[in-house]
Every structure is written in C-alpha cells, then in structure tokens.
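Positions 1 to 423 (our numbering) are the ones given, in order, by the sequence shown. Glycine included, each C-beta is placed from N, C-alpha and C at the ideal position. Being a predicted model, the structure only gives us computed values, none of them experimental. First up is the structure itself, then whatever we jot down about it.
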Amino acid sequence: MGFKKYVLFVMLLGISAVLVACNNDDSASGDGKVELDFWVFGATNYESLASEYEESNPNVTINIRKSELGDHHNSLFTAISSGTGAPDLTMIEIDQLDRFRQAQDNFLNLYDLGADEIQDQYLDWKWSMAESTDSEFLFGLPTDIGPKGLYYHTDVFNNAGLPTDPKEVSQQLSSPEAFIEAAEKVKEATGKPMVDSMEMAFRANMDAAAVSYFNRDGDLIIEESGNEVKEAYDYAVELNQQGYVGGFEMWTPEWATALNKGEFAAELAPAWLKGYMTENAPEAEGKWRVATLPEEFAGNWGGSYISIPKETKQSEEAYAFAKWLISPENQLKSFTESGLFPSAPSVYEMEEFKQNEDAYFGSQNTAEVFAEAAQDIPEVYKGPKYVTVNNEILTALQNVREGANPSEEWDAAVKRIKDLLER
1 MGFKKYVLFV MLLGISAVLV ACNNDDSASG DGKVELDFWV FGATNYESLA
51 SEYEESNPNV TINIRKSELG DHHNSLFTAI SSGTGAPDLT MIEIDQLDRF
101 RQAQDNFLNL YDLGADEIQD QYLDWKWSMA ESTDSEFLFG LPTDIGPKGL
151 YYHTDVFNNA GLPTDPKEVS QQLSSPEAFI EAAEKVKEAT GKPMVDSMEM
201 AFRANMDAAA VSYFNRDGDL IIEESGNEVK EAYDYAVELN QQGYVGGFEM
251 WTPEWATALN KGEFAAELAP AWLKGYMTEN APEAEGKWRV ATLPEEFAGN
301 WGGSYISIPK ETKQSEEAYA FAKWLISPEN QLKSFTESGL FPSAPSVYEM
351 EEFKQNEDAY FGSQNTAEVF AEAAQDIPEV YKGPKYVTVN NEILTALQNV
401 REGANPSEEW DAAVKRIKDL LER
C-alpha cells in the first residue's frame, strides 16, 4: 500500500470511528438534544412538572414510564441486576430503599454530583435514610414523606362523649393508654371499633419504631428481648381482644364503604390518605378531622426518593432535572396538585401552604397537623427484606383477627420468615 493510500485509509478509519461514537453516544444527539427516561409510580404531578421543565429546557425531553408500585420496583431490580435497561432516573419507595442499597455499585453517588449543596433544605431524618452507613454515599434525593396523623370521625367521637375539636382531641388522646380509653368509650357508646383493621393497630407503634425487623448488619432481630416489633404486635392483639379493631382491610370496597359511613372511629394514617378519602368516600365530606397522634405513635408511612442508575450516560442532565423536581417550590406544587407531602420544611412556611384548607375535612388546615408530625419522626433502618417480613407479620395478625391464638401465630410467622430468608 502506497503512502497516500495509507493516509487516506487512516483518515477513513478515523471518520468511521467518529461516526460510530456519535451513533453510540446516548447522552445527546448531534444537535445537543437530550432524552431522559424517568420511571415513576403512584399518583404524582411529575408529568406536568416534566413538561414545565421541557419548556424551560427545550433541548431536554423527559420520557416518563408509569407503573404500579410492585411492578415498578421489580422491573427496576431486574434492570439493575442485569446491567441493562435501567432508566436515567427512577423513583424508589422508602420501604424498598434498603433492597436497592445492596446494589450500591449500580447507582450513582449523588454526593459526587453536588447533592451536599442542597442537603440543608430537607428534613434530616428523610435525607439520612438515603445515605450509606458511613454517610459517604447518597442513593437518592428526597421527594415526599408520609407523616401520620389521627383521622377521626366527628359523629362517632361526639356520640362517644369525646371532643371533636382537633386540638382538644390531641390533648385528650395524648398516649397509647389514653387511646385505649377513648376506644373503650367508642365501643360502649356506639358499638363501633376504634380502628379499621389489625394492620392499622399494628402500625400505630410500628411506624414509630426506631428499629424495624433488621439491624444494620442485616440480622433479623424480631426475637430479641424488648424488640419493638413484638411490642407493636402485642398492642394490636390487645386492642383486638377488647373489641376495638374492625375487619375492614385497606383498599377493599368494604373499607371504602366504612370510611363513607363512619363504621369505625379513627384512622392512624399518613397525609397521603386524604386524597384517597376525598375520591372514594365522598359521602363523608365534612365528617372527618385530623389531630396529632400521641408521641409514641408519631411515625412515617410512605414517601420516596429520586435515584440515578449508574447505567445512565447523562448523569449531569439527570441530576439537574432531579434537583429541580424536588426543589421546595416544586414540592409545594406537588403538594397542592397531588397531595405529596413536602420533605422540605421551608414549604411549611410558604403562605399557600399555611393558608391551605381542606373542604373535605370541614375546611381544616390539615397540612399544619402533618407538618408538626413531620418534625418528630425517627430515622428508621428497614432492611432489604422489609416487605417480605412485614407481609408475614400482617398475615399473622389477620389470622389472630379471625380467631387464631396470638402466641402461636407469632411463632408461626417467625418460622415462615426465617425459612424465606434462608432461601
């Protein structure tokens, strides 16, 4: 091959390499446009916020894929495990977070992208739950939270001789013991249960527990002396034995009817329940109010994070969108439009938040109640198998509700859990 032909050959190779590189570069097209795949679940306003972001950033297109909570996390876990098919950004629900924590190497450390610069804008407990044990790695940026309150039916409380003003209810039902005393009055005066289900009775204490089913070494600790899980289980059993627990399982038509008709007195539930009640129990509008829970019951149920899988070729663009999405200003929009409760406490001081009124709850500003509750929530380590273990405990409690021996059901649940964890 002559020298000129050799030079031409090399030049052609170089051009081909550039073309291949351009075709394989997923971060942007030749005209600088960027596409971000974003996986979400649940009822959010992220589609409208994404459209707003695209208007301000015309070079960015955000493709949102929405699926049910279980399918979402299973698909994500499969993609992360296989190393292919993961999105640029994804929501991860708080109960699922430790499951993905095991795959730390498959996610970007958001501290490397500058997340420490916005850390002080968010509740400490919410932020730290997404950190690694040594606090050097951040799995996700905080979105919404699920601070719990005491939803109560004013007619049922009034018929039982209990106060109906939210502040008075908070003062009178200020301890687990006082809650049982109120349940007794409700039962005697109305014949109705205090709470809807064994799950709610269990979560009264469980959502406030500083330690869940596992320690941070991954050891199952539900059999240890003084473990809060067994205490929460026993409290639910006690309420049931006294006739203070109903048989209305969450999300069933029977439960929605019970909410509508006030067939039980109280719901120990998070802020996001308001949206469900408004849509599915319309006949009860004006009948429910919200008070703060006893300190022993103050906990979090729900919420999520925005994480960035390592597979993305567009880390800076993905982080820029995530940072914008969870800003205090946008968390206010998510609250007013979709009921997602903010994890940025500065939102609680914004005028629109402070002036918020819920027509369904007799024009009460329920946001104030949940904002107060959000400050007292402990950081909780749940463990990668939290959902698996939790389901077995709830199965045991349902069996107890149907007449099974509480002690035998506890032992059976522990055995099932150990067998599942050994697989």
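- Ile377 sits in coil when the DSSP states are folded into three classes, being neither helix nor strand.
- Apart from the 5 residues on each side of it in sequence, Glu285 sits with its Cβ closer than 6 Å to the Cβ of Tyr360 in its chain, given in chain order.
- As the crow flies, the alpha-carbon of Arg101 is around 22 Å from that of Arg65.
- In the structure shown, Thr164 falls within a coil segment according to DSSP collapsed to helix, strand and coil.
- Of the other Cβ atoms in all chains shown, fewer than 16 fall within 10 Å of the Cβ of Ser56; this residue is therefore exposed.
- For Pro176, the three-state secondary structure derived from DSSP is helix.
- Beta-bridge annotation (DSSP): Thr90 is paired with Trp39 and Ser307.
- According to DSSP, residue pairing for Gln364 in a beta bridge involves Asp358.
- Within a 10 Å sphere around the beta-carbon of Gln104 sit fewer than 16 other beta-carbons, which makes this residue exposed.
- The C-beta distance from Leu49 to Leu325 rounds to 6 Å, short enough to meet the 8 Å contact threshold.
- A distance of 8 Å or more separates the beta carbons of Phe107 and Phe77.
- Asn59 counts as exposed, since fewer than 16 other C-beta atoms from the protein chains shown sit within 10 angstroms of its C-beta.
- Per DSSP, Tyr111 has no beta bridge partner at all.
- By the CB criterion at 8 Å, Asp196 and Glu267 fall inside the cutoff.
- About 18 Å separates the Cβ atoms of Tyr244 and Ala291, ruling out a contact at the 8 Å cut-off.
- The continuous alpha helix (DSSP H) containing Leu76 extends over residues Leu69 to Ser82.
- Each residue's CA atom was taken as its position, placing Leu97 and Ser51 some 27 Å apart.
- Beta-bridge analysis with DSSP links Thr61 to Glu35.
- It is roughly 44 Å from the alpha-carbon of Phe248 to the alpha-carbon of Glu54.
- In this chain, the beta strand (DSSP E) harbouring Gly149 covers Leu141 to His153.
- Under the three-state reduction of DSSP output, Pro345 falls in the helix class.
- If you draw a straight line from the Cα of Arg203 to the Cα of Tyr233, it is about 9 Å long.
- Contact between the segment 308-327 and the segment 68-86 is present: 3 or more CB-CB pairs across the two stretches fall below 8 Å.
- Taking the CA atoms as reference points, Tyr305 sits about 30 Å from Val414.
- In the three-state reduction of the DSSP assignment, Arg99 falls in the helix class.
- As DSSP reads the structure, Leu421 sits in no beta bridge.
- For Pro193, the three-state secondary structure derived from DSSP is coil.
- With 16 or more neighbouring CB atoms inside 10 Å of its own CB, Asp207 falls in the buried class.
- In the DSSP assignment, Glu267 falls within the unbroken beta strand (DSSP E) covering Ala266 to Pro270.
- By the criterion of a C-beta distance shorter than 7 Å, Leu420 is surrounded in its chain by Thr388, once the five residues flanking it on both sides are discounted.
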